[in-house]
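**Student:**
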Amino acid sequence: MVLVAFTQITPAVLVRPAWVVAGVPDVVWMAIEGAIAESDKDRTKELLKGAEVQARNAVAGHEGEVGRRFALAVVLGLRAEREGGRTKVTIASDLKKELDATLALDPEHGRARHMRGRLTAGVLRMNRITRWFATSLLGGGELKKANWVDVERDLAFAEHQVPEVSDHHLQLAHLYRDTKRPQLAMAEVQHVLTMPFQSAMEQVVHAEALTLGKALR
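Position 141 of the sequence shown, counting from 1, maps to 141 under the numbering used here, and the rest follow consecutively.
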């Protein structure tokens, strides 16, 4: 079902995007990009479920391979963004496990550090009741101590180590906005807008940067 989506997107989307690290199977990142390229939101959710199946199959028997673990984390992160309520928190719990596994294999993995920062920022943006439920399900300890300093450390590390990924700049811009530093936020937005946006994910990031830039003016 996921492979059908590949015929519906432009050839440019099938260029290996900057977010894809070594070891990520082509079938997984293509499934992810195909899902993001889908304009119908419900269809995107279904395609991401299929991409998760592809990613989990790729991990099976290769649990020690960083690229495969990271690819699964990416799918889970995208699914968590698009779901709500208990489903969102349950997927986020799986995401945290994959990020923990990835960073245990490679503590300096910039893209995984970025995703950990995004996950923590997402928890901080929740209302009090939802945050309590989320941190309890996600393992408590670390996330109950979540703070913007740790988020910034992870996001800034990722931006410095892998500056060619546009979302690393965008998420840092969101952090600066949320921590009342609009000038720094706008600088990161400008970084995004000067970068190429060929893949489906890069196109989404570019569009979001345009929206954030307008809000910051």
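Note that CB positions come from ideal geometry on N, CA and C, so glycine has one too.
Who are the near neighbours of Val13 in its chain, counting only those whose CB is closer than 6 Å to its CB and skipping five residues on each side?
**Tutor:** The pLDDT assigned to Val13 is 45, lower than 50, so where the model puts this residue is not dependable, and the model offers no usable value.
**Student:** At a cut of 8 Å, does the segment 82 to 92 reach the segment 101 to 118 through at least three beta carbon pairs?
**Tutor:** Contact between the segment 82 to 92 and the segment 101 to 118 is absent: fewer than three C-beta pairs spanning the two stretches fall below 8 Å.
**Student:** Look at the alpha carbon of Val75 and the alpha carbon of Ala18, and state the distance between them as a whole number of angstroms.
**Tutor:** 16 Å
**Student:** Give the straight-line distance between the Cα atoms of Arg177 and Ala55, rounded to the nearest whole angstrom.
**Tutor:** 33 Å
**Student:** What are the boundary residues of the alpha helix (DSSP H) that includes Trp19?
**Tutor:** That residue, Trp19, is in no alpha helix (DSSP H); it is neither H nor E in DSSP.
**Student:** Pick helix, strand or coil for Thr179, following the three-state DSSP scheme.
**Tutor:** coil
**Student:** Among Ala22, Gln203, Gly122, Val66, which residue has its Cα nearest to the Cα of Val89?
**Tutor:** Considering only alpha carbons, the answer is Gly122.
**Student:** Write down the C-beta distance between Leu48 and Arg79 rounded to the nearest angstrom, noting that I regard them as a contact closer than 8 Å.
**Tutor:** For a cut-off of 8 Å, the C-beta gap from Leu48 to Arg79 is around 5 Å, short enough to register as a contact.
**Student:** Exposed or buried, what is Thr211 when buried is set at 16 or more other beta-carbons lying within 10 Å of its beta-carbon?
**Tutor:** exposed
**Student:** Confirm, please, whether the CB-CB distance from Val24 to Ala71 is below 8 Å.
**Tutor:** Inclusion of Ala71 and Val24 in the CB contact set at 8 Å is warranted, their separation being smaller than that value.
**Student:** Assign Ala209 to one of three DSSP states: helix, strand, or coil.
**Tutor:** helix
**Student:** Within 10 angstroms of the Cβ of Gly64, are there 16 or more other Cβ atoms? Answer buried if so, exposed if not.
**Tutor:** exposed
**Student:** So Ala73 and Leu95 are in contact, right, with Cβ under 8 Å, and what is the actual spacing, rounded?
**Tutor:** 6 Å
**Student:** Compare the Cα-Cα distances from Ala193 to each of Gly50, Asp167, Val28 and report the closest residue.
**Tutor:** Here the sequence assigns Leu to residue 193, which means Ala is not the residue at that position. Among Gly50, Asp167, Val28, the Cα nearest to that of Leu193 belongs to Asp167.
**Student:** For the alpha helix (DSSP H) that contains Arg68, what are its first and last residues?
**Tutor:** 66 to 82
**Student:** Buried or exposed: Glu108, going by 16 or more other Cβ atoms within 10 Å of its Cβ?
**Tutor:** exposed
**Student:** What is the DSSP secondary structure of Phe197, counted as helix, strand or coil?
**Tutor:** coil
**Student:** Specify the secondary structure class of His191 as computed by DSSP and reduced to three states.
**Tutor:** helix
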